[in-house]
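Residue numbers (the numbering used here), protein chains in the order written: chain A, 89 to 445; chain B, 89 to 445.
Positions of the beta carbon are idealized from the N, C-alpha and C atoms, including for glycine.
Predicted model, so just to flag it, every value in this text is computed and none were measured.
The structure appears below as structure tokens.
2 protein chains.
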Amino acid sequence: MTDVRQTPHADSAFIRACRGQDVPHVPVWFMRQAGRSLPEYREIRGTGTILNAIAQPALATEITLQPVRRYGVDAAILYSDIMTPVHAIGFGVDIEPGVGPVVERPFGSRADLDRLRPLEPDVDTPYVIETVRNLVAELTVPLIGFAGAPFTVASYLIEGRPSRTYGRTKAMMLGEPALWHELLDRLADMAIASLLDQVANGARAIQLFDSWAGALSPDVYEDLVMPHSAKVFAGVAHTGVPRIHFGVGTGELLTLMGDAGADVVGVDWRVPLDVARTRVPGKAVQGNLDPAVCLAPWEVVAERTRDVLRRNAGRPGHIFNLGHGVLPELDPGVLKAVVDLVHEEGLRHGGAEEADG
Amino acid sequence: MTDVRQTPHADSAFIRACRGQDVPHVPVWFMRQAGRSLPEYREIRGTGTILNAIAQPALATEITLQPVRRYGVDAAILYSDIMTPVHAIGFGVDIEPGVGPVVERPFGSRADLDRLRPLEPDVDTPYVIETVRNLVAELTVPLIGFAGAPFTVASYLIEGRPSRTYGRTKAMMLGEPALWHELLDRLADMAIASLLDQVANGARAIQLFDSWAGALSPDVYEDLVMPHSAKVFAGVAHTGVPRIHFGVGTGELLTLMGDAGADVVGVDWRVPLDVARTRVPGKAVQGNLDPAVCLAPWEVVAERTRDVLRRNAGRPGHIFNLGHGVLPELDPGVLKAVVDLVHEEGLRHGGAEEADG
């Protein structure tokens, strides 16, 4: 680990980049850096679903720490799931290996609102508190807390399992807007409760995962989704921690996602980072290497990594990341090399953009 | 049926719109208008996979005609599949119900190129010829022929089944570009052979389905995919039929997809149609109602349909369509009502955009 990451977190490269401040090096972390791609994870993970593992603080702590040790990334992200709160209040959610979140009785009508009581983190997710506290005691880099955005969580509750079309979700949001808004309002409250709890216990930044918002047209997003995500960001604003807003395929939504109250906007690989910058003026950006690129030979990975750095051109307010989660089949050695490359070359790619590559 | 659709095809609303000419009404058809959403389809479809049905000209003809009769759409699209050519030459492809294309031995190395011999439509897909001829004899609207674009077909051949990440595909295109280009060149030749055959037998327009190109970043698309799609468009240019280029989630690629040689660019619902217009100046556009919207109550469907029309604002060169295929659970009555609304109001939504809604 470098000296920089041993300074207090407010002066860490990650937090400074979130705030658009100058950094000693370009900070980097990876979505799903913990988990299936790591042999040390597969060794300790045991049986049961991810929700079982999350409920064991010692295990969740170790899983969170593994990629920090291995990669020397600039931030840790809590090993948890966007479905943890709705699972914890007993909505009947599970995570099926190889499938994703499945819901025994999907949300279908007003009566189902009664199944969504408020989250009480002390009572419902004490294991999250314990894991966060463990981590804060151990980590020398900032811990990112997170929550699922109301739309993405709602889409799982309504569809009952991962969907490609979001047919039921869209039918409800457009056909029963009053019910939809009540559902999303409750999910926003749950996200706020969970995030505030994570921050109170030591998380130094938060990320709101609206992973599937890119399935929506901009006007539908603006009318029926953005107000609820904005409520979440407003609800944690007083903590002062940087707020990251993430989704996939959100090229047309980036401006709105920034305006929802984010300090940092996640950008997948579909929008070149220099183009993305023009859509979120004044915001920091996080991304944007295609995770699938990391399956190619190293020279290709290095060139694509440098391309991201060149497009940022040394500007403040860039956190290097993948555009989506690490693929399970990835060789962890590649990610380690990406971290080293970003740390070594990140700030060199300003100005003479072509000459550097 | 209206008089207009009984005029020769060159003067049909659909062909005129493809060419950016004035139209008597806004033409409309739906991707996957034939198929599972129609009770008359489920009645005659029988058992076996879609590839079995495609190989029976009488059945494929009837399935193609069903939505034309029911909806009064302005174009028919051949009932076939983008995997028909690679299946026909014996690559070992099947279409698994509820899954999609699956490949017994996926494409993984140079040796697999030998399994991709050129398509000889007379020998390999005589049933397609017969179906096209049947249709041309019966139809009073233009028939759209189609092919899978080299990238999208390659992604199925390499992944072996539908993928969310395209990890193997991207690893090959970036890691083994010489092999990738040879593969795509062969698939481009197969697409050209199939399309020329369909046009020679009476198809009046063609659509190239690069359904999953939206998974790529623009520079990867431009270097490794676009040249091969451009070859397909160039290969059919001498026929003079309008060429439509379609993909999902392609907001950042629209300009390139137009520049590849398309006369018409498909636009899904993620990009508002007025914004899409600015990305493909001089081209016609096709779209862009979210198919999932059609699961909402009629007033919502009507309002979203009018929104598409308003955004086009009466300009020539618009073919109304969904942004992707009809969902199987759709009520066909809704699509019939959309057709009627587009036909009746389509041209009224120019100029006074707000007053019309």
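Review point. With C-beta atoms as the reference, is Thr302 of chain B less than 7 Å away from Gly337 of chain B?
Key: For the purposes of this step, residue 302 of chain B is taken as residue 214 along the second sequence, with counting starting at 1. For the purposes of this step, residue 337 of chain B is taken as residue 249 along the second sequence, with counting starting at 1. For clarity, residue 302 of chain B is Gly in the given sequence; the question names Thr instead. For the 7 Å CB-CB criterion, Gly302 of chain B and Gly337 of chain B form a contact.
Practice item. Pick helix, strand or coil for Phe179 of chain B, following the three-state DSSP scheme. Key: Walking along the second sequence from the start, residue 179 of chain B turns up at place 91. Three-state DSSP puts Phe179 of chain B in coil, outside helix and strand.
Review point. At least one CB of chain A closer than 7 Å to the CB of Leu493 of chain B: is that the case?
Key: Residue 493 of chain B is absent from the structure shown; chain B starts at 89 and stops at 445.
Practice item. Throw me the rounded Cβ distance for the Leu342 of chain A and Ala364 of chain A pair, which I believe falls under 8 Å. Key: Counted from its first residue, the first sequence places residue 342 of chain A at position 254. Counted from its first residue, the first sequence places residue 364 of chain A at position 276. Leu342 of chain A to Ala364 of chain A, Cβ: 6 Å. Contact.
Check your understanding: What residues of chain A sit near Val359 of chain B, judged by a beta carbon separation below 7 Å?
Key -> Position 271 of the second sequence, counting from 1, holds the residue named residue 359 of chain B. What Val359 of chain B touches in chain A: Glu340.
Review point. Per DSSP, what kind of secondary structure is Ile294 of chain A in: helix, strand or coil?
Key: Reading the first sequence from its first residue, position 206 is the one you call residue 294 of chain A. Strand.
**Study point:** Own chain partners of Val359 of chain B with C-beta closer than 6 Å, once the 5 adjacent residues on each side are dropped
**Key:** Translated into the one-based positions of the second sequence, residue 359 of chain B becomes position 271. Taking Val359 of chain B as the centre and dropping the five residues before and after it, the same chain places the C-beta of Gly339 closer than 6 Å to its C-beta, in chain order.
Practice item. Quick one: residues in its chain with C-beta nearer than 8 Å to the C-beta of Glu417 of chain B, no 5 flanking neighbours on either side, listed in chain order? Key: Locating residue 417 of chain B in the second sequence gives position 329, where the first residue counts as 1. Result list for Glu417 of chain B: Ser125 and Leu383, in chain order.
Point to revise | Cutoff 6 Å; reference Gly434 of chain B; Cβ partners in own chain excluding five residues on either side | key: The residue you call residue 434 of chain B lines up with position 346 of the second sequence. Excluding sequence neighbours, Gly434 of chain B sits near His113, Val114 and Leu397.
Practice item. Measure the CB-CB distance between Tyr129 of chain B and Gly123 of chain B and report whether it falls below 7 Å. Key: Working through the second sequence from its first residue, we reach residue 129 of chain B at position 41. Working through the second sequence from its first residue, we reach residue 123 of chain B at position 35. When the beta-carbon positions are compared, Tyr129 of chain B and Gly123 of chain B come within less than 7 Å of each other.
Review point. Could you check where the beta strand (DSSP E) with Leu153 of chain B kicks off and where it finishes?
Key: Working through the second sequence from its first residue, we reach residue 153 of chain B at position 65. It is not in any beta strand (DSSP E) - Leu153 of chain B instead sits in the alpha helix (DSSP H) that spans Pro145 to Tyr159.
**Study point:** Between the CA atoms of Glu131 of chain A and Gln154 of chain A - distance to the nearest angstrom
**Key:** Here residue 154 of chain A refers to the residue found at position 66 when the first sequence is read from its first residue. Here residue 131 of chain A refers to the residue found at position 43 when the first sequence is read from its first residue. Spanning the two alpha carbons is a distance of roughly 12 Å.
**Study point:** Beta-carbon proximity check, Leu283 of chain A vs Ala235 of chain A, cutoff 7 Å
**Key:** Working through the first sequence from its first residue, we reach residue 283 of chain A at position 195. Working through the first sequence from its first residue, we reach residue 235 of chain A at position 147. Yes; because the gap between Cβ atoms is below 7 Å, this pair is in contact.
Review point. Any beta-carbon of chain A closer than 7 Å to the one on His97 of chain B?
Key: Sequence index remark: in the second sequence, residue 97 of chain B carries index 9 (1-based). So, not an interface residue.
Review point. Val313 of chain A: which of A:Ala325, A:Asp395, A:Val324 and A:Ser299 sits nearest, CA to CA?
Key: Within the first sequence, numbered from 1, the residue matching residue 313 of chain A stands at position 225. In terms of Cα proximity to Val313 of chain A, the closest of A:Ala325, A:Asp395, A:Val324 and A:Ser299 is A:Ser299.
Check your understanding: Counting only beta-carbon atoms, is Ala322 of chain B nearer than 7 Å to chain A?
Key -> To locate residue 322 of chain B, count along the second sequence from 1; it is residue 234. Answer no: the Cβ-Cβ gap between Ala322 of chain B and chain A never drops below 7 Å.
Check your understanding: Between Ala276 of chain A and the rest of its own chain, which residues show a CB-CB distance below 7 Å, the 5 nearest in sequence each way excluded?
Key -> Residue mapping note: residue 276 of chain A aligns to position 188 of the first sequence, counting from 1. Once the five neighbours on either side are set aside, the close Cβ partners of Ala276 of chain A are Pro238, His316, Lys319 and Val320.
Check your understanding: What separation, rounded to the nearest whole angstrom, lies between the Cα atoms of Lys371 of chain A and Ala325 of chain A?
Key -> Reading the first sequence from its first residue, position 283 is the one you call residue 371 of chain A. Reading the first sequence from its first residue, position 237 is the one you call residue 325 of chain A. Straight-line Cα distance between these residues: approximately 15 Å.
Point to revise | Segment limits, beta strand (DSSP E) that includes Val352 of chain A | key: Locating residue 352 of chain A in the first sequence gives position 264, where the first residue counts as 1. Run containing Val352 of chain A: Val352 to Val355, per the beta strand (DSSP E) assignment.
Review point. Among residues of its own chain, excluding the 5 on either side of Glu270 of chain A, which ones have a beta-carbon nearer than 7 Å to its beta-carbon?
Key: For the purposes of this step, residue 270 of chain A is taken as residue 182 along the first sequence, with counting starting at 1. Counting only Cβ-Cβ distances below 7 Å, and skipping sequence neighbours, we find Leu201.
**Study point:** Pairwise C-alpha distance: Leu267 of chain A and Asp285 of chain A
**Key:** Here residue 285 of chain A refers to the residue found at position 197 of the first sequence. Here residue 267 of chain A refers to the residue found at position 179 of the first sequence. C-alpha separation (whole angstroms): 27 Å.
Point to revise | Start-to-end residues for the alpha helix (DSSP H) that takes in Val389 of chain A | key: Walking along the first sequence from the start, residue 389 of chain A turns up at place 301. In the DSSP annotation of this structure, the continuous segment of the alpha helix (DSSP H) that includes Val389 of chain A starts and ends at Trp386 to Asn400.
Exercise for review: Evaluate the contact criterion for the segment 179-191 of chain B versus the segment 240-256 of chain B: three or more CB pairs, one atom per stretch, below 8 Å.
Suggested key: With a cut-off of 8 Å, the segment 240-256 of chain B and the segment 179-191 of chain B count as touching, because enough Cβ pairs lie within range.
Review point. So, using beta-carbon positions, are Leu410 of chain B and Phe118 of chain B closer together than 7 Å?
Key: Residue mapping note: residue 410 of chain B aligns to position 322 of the second sequence, counting from 1. Residue mapping note: residue 118 of chain B aligns to position 30 of the second sequence, counting from 1. Taking C-beta atoms as the reference points, Leu410 of chain B and Phe118 of chain B count as a pair closer than 7 Å.
Review point. From which residue to which residue does the alpha helix (DSSP H) around Val224 of chain B run?
Key: The residue you call residue 224 of chain B lines up with position 136 of the second sequence. Unbroken alpha helix (DSSP H) run through Val224 of chain B: Pro214 to Glu226.
Exercise for review: Return the residues of the segment 254-282 of chain B that lie within a Cβ-Cβ distance of less than 7 Å from chain A, sorted by chain order.
Suggested key: Residues Tyr254, Gly255, Lys258, Ala259, Leu262 and Gly263.
Review point. Measuring CB to CB, does Ala148 of chain A end up less than 7 Å from Pro230 of chain A?
Key: Residue mapping note: residue 148 of chain A aligns to position 60 of the first sequence, counting from 1. Residue mapping note: residue 230 of chain A aligns to position 142 of the first sequence, counting from 1. No, the pair does not count as a contact, with Cβ atoms beyond the cut-off.
Check your understanding: Does the beta-carbon of Val352 of chain A have 16 or more other beta-carbons within 10 angstroms, so that it is buried, or is it exposed?
Key -> Along the first sequence, one-based indexing puts residue 352 of chain A at 264. In the assembly as shown, Val352 of chain A is a buried residue. Its beta-carbon has 16 or more other beta-carbons within 10 Å.
Check your understanding: Which chain A residues are close to Asp419 of chain B, counting only those with a beta carbon under 7 Å from its beta carbon?
Key -> Here residue 419 of chain B is taken as the residue at index 331 of the second sequence, counted from 1. The contacting residues do not exist; Asp419 of chain B stays about 11 Å from chain A at best.
**Study point:** Cα-Cα separation between Gly255 of chain A and Gly402 of chain A, rounded to whole angstroms
**Key:** Position 167 of the first sequence, counted from the first residue, corresponds to residue 255 of chain A. Position 314 of the first sequence, counted from the first residue, corresponds to residue 402 of chain A. Cα atoms of Gly255 of chain A and Gly402 of chain A: separation of roughly 42 Å, rounded to the nearest angstrom.
**Study point:** Outcome for Asp356 of chain A when other beta-carbon atoms lying within 10 angstroms are tallied against a minimum of 16
**Key:** The residue you call residue 356 of chain A lines up with position 268 of the first sequence. By the beta-carbon neighbour count (other beta carbons within 10 angstroms, threshold 16), Asp356 of chain A is buried.
Point to revise | Buried or exposed (CB count within 10 angstroms, at least 16 for buried), Arg158 of chain B | key: Stepping through the second sequence from its first residue, residue 158 of chain B is reached at position 70. Counting the other CB atoms within 10 Å of its CB gives Arg158 of chain B a total of 16 or more, which places it among the buried residues.
Point to revise | Residues that DSSP places opposite Val116 of chain B in a beta bridge | key: Within the second sequence, residue 116 of chain B is the residue found at index 28, counting from 1. Bridge partners of Val116 of chain B: B:Phe408.
Review point. Taking just the CA atoms, how far does Ile177 of chain B sit from Asn446 of chain B?
Key: As shown, chain B starts at 89 and ends at 445. That puts residue 446 of chain B outside it, with no answer to give.
Point to revise | 7 Å Cβ cutoff met for Asp110 of chain A and Pro404 of chain A | key: Here residue 110 of chain A refers to the residue found at position 22 of the first sequence. Here residue 404 of chain A refers to the residue found at position 316 of the first sequence. Using a Cβ distance threshold of 7 Å, Asp110 of chain A and Pro404 of chain A count as a contacting pair.
Review point. Is it true that the CB of Ile332 of chain B sits closer than 7 Å to the CB of Ala105 of chain B?
Key: Here residue 105 of chain B refers to the residue found at position 17 of the second sequence. Here residue 332 of chain B refers to the residue found at position 244 of the second sequence. In this structure, Ile332 of chain B does not lie closer than 7 Å to Ala105 of chain B by Cβ.
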